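Residue numbering for the sequence shown follows numbering that gives the first Met the number 0, starting at 0 and increasing by one per position.
In this text, a Cβ means the ideal position worked out from N, Cα and C, and glycines have one as well.
Just so it is clear, the structure is predicted and the values come from calculations on it, not from any experiment.
Down below is the structure, laid out as structure tokens.
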Amino acid sequence: MAGESVISVRHLKTYFYTEKRCNKAVNDVSFEIRKGKCLCVVGESGCGKSVTASSIMQLLPRLSRIEEGEIIYHTHDKGDVVLSDLGKNSKEMRAYRGKNIAMIFQDPMTALNPVFKVGNQIAENIRQHDKCSKAEARKRTLELLKQMGIPEPERRIDQYPHEYSGGMRQRAMIALAMSCSPDVLLADEPTTALDVTIQAQIFELMTKLKEENDTAILLITHDMGVVCEMADDVLVMYMGNVVESGTAREVLKNPKHPYTRALLASILVLGKGKDQNIQPIRGMTPNPYNRPPGCQFEPRCDFACEACRERMPDEEVIEGTTHMIRCCNWREACKNDGE
Ligand SMILES: Nc1ncnc2c1ncn2[C@@H]1O[C@H](COP(=O)(O)OP(=O)(O)OP(=O)(O)O)[C@@H](O)[C@H]1O
Ligand SMILES: [Mg+2]
């Protein structure tokens, strides 16, 4: 893939262990997040999107651990750093977290501390990473809160998280993540709780960060409208595997995997008019503790064959492209395309 990679995730496996059972939440996932580009990660609930992002940050939930694989951060000054080799509480990891690699969580209270004023938390973050005066950090905090559309920022800067509404907390957390212009921004459903005008403002800020600072963005979202708007690259996940990936043009304009095609057929596309034929994906995602032995999508797939029941198909990259598909029958699935 053209363009410099900032984060390489290689054969990542992150498993959960509960009551002597193992959930292979992320099972052999590889991808690159490129400098100044936005990688959108899509897939149904429970497919491992959040666990993948938390693995990069090394902020995994209890009972889970990185089992195998590597997460490499290509720094501009210190060469390649293998994040997955650093202890999650090591000094080095803590230094990267927040400054170089920032994350916007699904739940804002995982990032905001309830006992400190919002403004102080953001200003502290700025000062921890950029040596500037308190007054300067406060000025930049105020500016950020304004950009996030927080009403009355001069007053709100000195309030505690519980005095903010849910949507405002979300925006404060985004301000916190963006406060020191990170190299990499991991955004997990950053705007789900927000109304559309604020959503648009936040995506505009993310685009600005990407274009002006060359920030590499990983954006997890359910909203295909957002994907079409924001993505340079797309990663489609299903039950812990990447089933299709490539540039936005490759994956969205020419989806090949039956799952991606079903996913795209299950949503309304803005601008396509009201006569769209919406097809929900049949069946449900399997129980993660009782998975199909082969391709995870096989029980719901119209093109499944014996081979799919036996094992997960290998990755196949279409020659001369970056378009990867993990399906042995994608040609069959696409045979009527372009008619
Ligand atoms: N804290 C946890 N404890 C136990 N299992 C978990 C935990 N968090 C996630 N999992 C399991 O890991 C798998 C992947 O979950 P993950 O949260 O990454 O999904 P997701 O793709 O982010 O879904 P969503 O779209 O709903 O946010 C699921 O099977 C889920 O049940
Ligand atoms: Mg999630």
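- Residue selection by CB proximity (closer than 5 Å to any heavy atom of ligand 1) returns F15, A24, S44, G45, C46, G47, K48, S49, V50, P60, P287 in chain order.
- From the listed residues G239, Y258, A230, the smallest Cα separation to G245 is found for A230.
- Between the region 213 to 227 and the region 155 to 162 there are fewer than three C-beta pairs closer than 8 Å, too few to call the two in contact.
- A Cβ-Cβ contact shorter than 7 Å links N22 with P287.
- DSSP places D76 outside both helix and strand once states are collapsed to three, so it counts as coil.
- Of the candidates K36, L58, I65, K19, I65 places its Cα closest to the Cα of N26.
- Per DSSP, the continuous beta strand (DSSP E) segment holding Y14 begins and ends at 4 to 17.
- Every beta strand (DSSP E) stretch that sits fully inside the region 100 to 179 and reaches 3 residues is listed by chain position as 100 to 103.
- Closest option to F115, judged by alpha-carbon separation, among E162, P298, W329, P285: E162.
- Under the three-pair Cβ rule at 8 Å, the region 53 to 70 does not count as touching the region 145 to 153.
- In the three-state DSSP reduction, C227 falls in the helix class (H, G or I).
- Under the three-state reduction of DSSP, E67 is assigned to strand.
- Counting along the chain, the unbroken alpha helix (DSSP H) around Y95 starts and ends at 90 to 95.
- Rounded to whole angstroms, the gap between the alpha carbons of M56 and T191 is 21 Å.
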